[in-house]
Amino acid sequence: MKNIFETTLIILVIFSLLIDKQIASFIASNRILILNQFFTFIVNYISAEIILAILLIYIIFKKRKLLKPYIVSLLSYLVIVNALKYLIARPRPFIALALEKLPDISYAFSSWNASFPSGHAVVLFLMIPFIDNKYKPYWFALAIIIVLSRIYVGFHYLSDVIFGALLGYLIAKTSIKYFSKN
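All residue numbers for the sequence shown refer to my numbering, where the first residue is 13 and numbers rise by one.
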């Protein structure tokens, strides 16, 4: 029962790799104005840096004993995600599939770095083990909205965000487990 979340994500990564291009093309071909506006707002105004800062403040004031595992998780995230992006070098969907770009979104930053894995997904799901249980459903809902925005605008494939979610969650759980033993 304990590993259902991780197992489900692994299965979803494998399945999503098979249908990534079809999903990205379908979404780009069926965009609607209200979602364009909503996801443009999310992409433009919610950055990974803001999310990291919010959780750091939360940990400093509410869960100081988790500060070391949090910092180690962040450093691990930076190393692992950048290494995977470099090694896999998967082009972003809007480039690989020549998807229509939404106005009011800068696609320039995304053209020089790779799609896999989604750094935003890693960061968002890395935080879940650090958050009090009563806030987890809200955080999870926010995380889903943000990663969906990354797929919707063509920055990521579905497998990028699912793998990123799994990676972030496992980095945090491993770090917390290590520091709880030592």
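Cβ atoms here follow ideal geometry from the backbone N, Cα and C, with glycine treated the same way.
- Runs of the beta strand (DSSP E) spanning 3 or more residues and lying entirely within the region 71-112 do not occur at all.
- Taking all protein chains in view, the Cβ of residue 98 is surrounded by fewer than 16 other Cβ atoms within 10 Å, so the residue is classified as exposed.
- By the CB criterion at 8 angstroms, residue 130 and residue 104 fall outside the cutoff.
- Within the same chain, Cβ atoms closer than 8 angstroms to the Cβ of residue 36 are found at 105, 109, 111, 163, 166, 169 and 170, the five residues on either side in sequence being excluded.
- About 7 angstroms separates the CB atoms of residue 86 and residue 64; that is less than 8 angstroms, so the two are in contact.
- A distance of 8 angstroms or more separates the beta carbons of residue 157 and residue 148.
- Looking at the backbone, the Cα of residue 185 and that of residue 117 are separated by about 34 angstroms.
- Only buried fits residue 82, as 16 or more other CB atoms lie within 10 angstroms of its CB.
- Residue 23 counts as exposed, since fewer than 16 other C-beta atoms from the protein chains shown sit within 10 angstroms of its C-beta.
- Taking C-beta atoms under 8 angstroms as the contact rule, residue 89 and residue 136 fail to qualify, at a distance of about 11 angstroms.
- Spanning the alpha carbons of residue 152 and residue 94 requires a straight line of approximately 24 angstroms.
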